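These notes concern the structure reproduced below.
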Amino acid sequence: MAKIGLFYATDTGNTRKIAKRIKKQFAEDEVELFDMAKTTPDEMLSCESLIIGTPTLGDGELPDPLTEFLGQLEARHLEGKPIALFGLGDQVGYPTEFVDALGILHKKLKKLGAQLIGSWPVDGYEFEKSKALRDGEFVGLVLDQDNQADLTNERIEEWLEQVKPELLGIAVAG
Ligand SMILES: Cc1cc2nc3c(=O)[nH]c(=O)nc-3n(C[C@H](O)[C@H](O)[C@H](O)COP(=O)(O)O)c2cc1C
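Taking the numbering used here, the leading residue of the sequence shown gets 8, the next gets one more, and so forth.
Have a look at this one:
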């Protein structure tokens, strides 16, 4: 059984590629990938922690498979699991809806009582508005494959350094 379930939605495949890159940063069998278009929240029950990734589509909207998935999601699916989020967006094409889906996802999970980890600084991004902001930070890792693909690997590595101990259940208190 994989310890960490990485659930993602995608339209053109970028988020799937990132999900695979994230999986590679862990030991073999530590992370199992789930395409939300082909699975249900019940798959989360056997995971000890979760990573959830989504692009923003439309004008600041969730991809349809994520909307459907969230419609079936209940607090019991998330109970006791640290959850780290990541979002893909395009800060040049959508500067007033930048990674909004990440913020919408975060809000919904929070309402269900989720234990969310992995906020991320806004430094290095240029945008006007984003629903993914809380207290001056993004609520999860933000990646922009359209304009800053060259920064993606280092962003992933830095973020994982922060969230890995909690996801693997080896975080030291204090
Ligand atoms: C039709 C369309 C609408 C989009 N709307 C937004 C948006 O509102 N905000 C944003 O930050 N990015 C937006 N994007 C950019 C995507 O989130 C970005 O290209 C992402 O990498 C796509 O990931 P995917 O290949 O996993 O679907 C949009 C892209 C497309 C094609």
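Even glycine gets a Cβ: it sits at the ideal position worked out from N, Cα and C.
As the structure is a prediction and not an experimental result, all values here were calculated from the model.
Sequence-distant residues of the same chain with beta carbon closer than 6 angstroms to residue i, five excluded per side
i	result
residue 167	32
Alpha carbon of residue i to alpha carbon of residue j, nearest angstrom
i	j	result
residue 45	residue 109	20 angstroms
residue 160	residue 98	18 angstroms
residue 66	residue 134	15 angstroms
residue 88	residue 122	7 angstroms
residue 72	residue 124	23 angstroms
residue 20	residue 27	11 angstroms
residue 51	residue 82	11 angstroms
Cβ-Cβ distance between residue i and residue j below 8 angstroms
i	j	result
residue 13	residue 38	yes
residue 149	residue 94	yes
residue 96	residue 151	yes
residue 126	residue 146	yes
residue 69	residue 112	yes
residue 119	residue 174	no
key: Whole beta strand (DSSP E) elements within the stretch 129-163, 3-residue minimum   = 148-150
query = Can you pull every residue whose C-beta falls closer than 7 angstroms to some heavy atom of ligand 1, listed in chain order?
reply = Listed by position in the chain, the residues whose beta carbon lies within less than 7 angstroms of some heavy atom of ligand 1 are 17, 18, 19, 20, 21, 22, 23, 62, 63, 64, 65, 66, 67, 68, 70, 95, 96, 97, 98, 100, 101, 104, 105, 106, 107, 152, 153.
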